[in-house]
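One structure is given here, and the rest of the page talks about it.
Numbering (the working numbering), first residue to last: 16 to 421.
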């Protein structure tokens, strides 16, 4: 078996992913890096506030995971944000620190002052934004952007041009902007921004390829999750040649959030063979830390970090959950520092009861007793509309005359 889709004690995904017929149309760059925006876009989650010490700790977490670029905030927002970015720039050892900036020279000055090595310069280009929010034309966007891009470049800052709401831009506006911009101000890279998460993976592929052809610039992808496609569209962008993916831990962000850092990293590694050596256990620790800090719980079936991802109620194949998890799951729970778990409820089978009894050290139970216990388990699960607790299961087996001391 190809090691691309099978790893002992790691993962076992579809071999179709790596067929020549599937791979031949991919334009994946030699290197794909992660630009994490948790400290800026993630904090835009309604009700979430990161104080200076929080931001520093999160940045250090991201750096220890191996994230290459950290968007540490928008220094113009407040003095505390500015001071946090200054401290992050001093403490972070490996990641490049980026500032989020408006197309204003004063914002570029702040980015330089706080020690950032790069800037993300945002301007609107989506037609709904231009028409109803700003009352601008694409020429206005160009006039506000060109000098600021050149100014940032003169200061030695890596400059990402970030025309947001890209996916709702009129074709002529987007093409005219890029054509004139590249003649008079050349950023280091171009961000394709699906601000409202409304583009399909196919549309993103098209836009990435088109933008590369128009500009010759490296392409970065920043998507939101309004239709549940945040990660899918970023992966589509990578398949079309995007070399930087933007994300937020726990998929934080406005409305439905951004592409989730943890889902993106694991998908790149296991489904596309792009392994940047990120520390997955520390990544999960960061997600748990953020959940506790923000008070926003992680859904129990959330990919990568969900608490019930390796939990089995159905009786079929229940013994394999622990003995051979890759027969039941695409990934081994041990890879994420977890264990497979068997729970009891309406959908349980005989093997579920036998497994649970053996786990309690109880063996040699008659088949008739197993059947009777199972019926009691199913009935209680249906009556209570939930899983049974350990104490409830113990009560059932005691009722059947089985000694817990065995």
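Every residue gets a Cβ at the ideal spot worked out from N, C-alpha and C, and that includes glycine.
In the three-state reduction of the DSSP assignment, residue 27 falls in the strand class, which pools E and B. Where residue 396 is concerned, the enclosing alpha helix (DSSP H) starts and stops at 382-399. Under a 10 Å Cβ-count criterion, residue 137 is classified as buried, with 16 or more other Cβ atoms of the shown protein chains found around its own Cβ.
Taking the Cβ atoms as the reference, residue 181 lies roughly 6 Å from residue 140, within the contact range of under 8 Å. Partner residues in a beta bridge of residue 298, as assigned by DSSP, do not exist. Per DSSP, residue 245 lies in no beta strand (DSSP E); the unbroken alpha helix (DSSP H) holding it starts and ends at 245-254. If you look at residue 155, you'll find it in the alpha helix (DSSP H) that goes 153-169. As computed with DSSP, residue 334 is found in no beta bridge at all.
Here residue 315 is exposed. Its C-beta has fewer than 16 other C-beta atoms within 10 Å. Residue ranges of uninterrupted alpha helix (DSSP H) with 4 or more members, entirely inside the stretch 253-319 and ordered along the chain, are 276-286 and 295-309. Rounded to the nearest whole angstrom, the CA to CA distance from residue 67 to residue 94 is 10 Å. In this model, residue 360 and residue 407 are separated by some 11 Å (Cα to Cα). Unbroken beta strand (DSSP E) runs of no fewer than 3 residues, entirely contained in the stretch 22-79, are found at 48-51, following chain order. Contact between the stretch 285-303 and the stretch 225-233 is absent: fewer than 3 CB-CB pairs across the two stretches fall below 8 Å.
Taking every protein chain shown into account, the CB of residue 220 has 16 or more other CB atoms within 10 angstroms, so this residue is buried. Here the alpha carbon of residue 162 sits roughly 12 Å from the alpha carbon of residue 174. At the C-beta level, residue 49 and residue 84 come within 8 Å of one another. Scanning its chain for C-beta atoms nearer than 8 Å, with the 5 sequence neighbours on each side dropped, one finds around residue 334 the residues 366 and 370, in chain order. With respect to the 8 Å criterion, residue 388 and residue 411 are classified as neighbours on the basis of their beta carbons.
From the listed residues 214, 254, 245 and 154, the smallest Cα separation to residue 38 is found for 254.
Bounds of any beta strand (DSSP E) do not take in residue 409; it lies within the alpha helix (DSSP H) bounded by 405-414. Inter-residue distance for residue 30 and residue 21 is about 8 Å (C-alpha atoms, whole angstroms).
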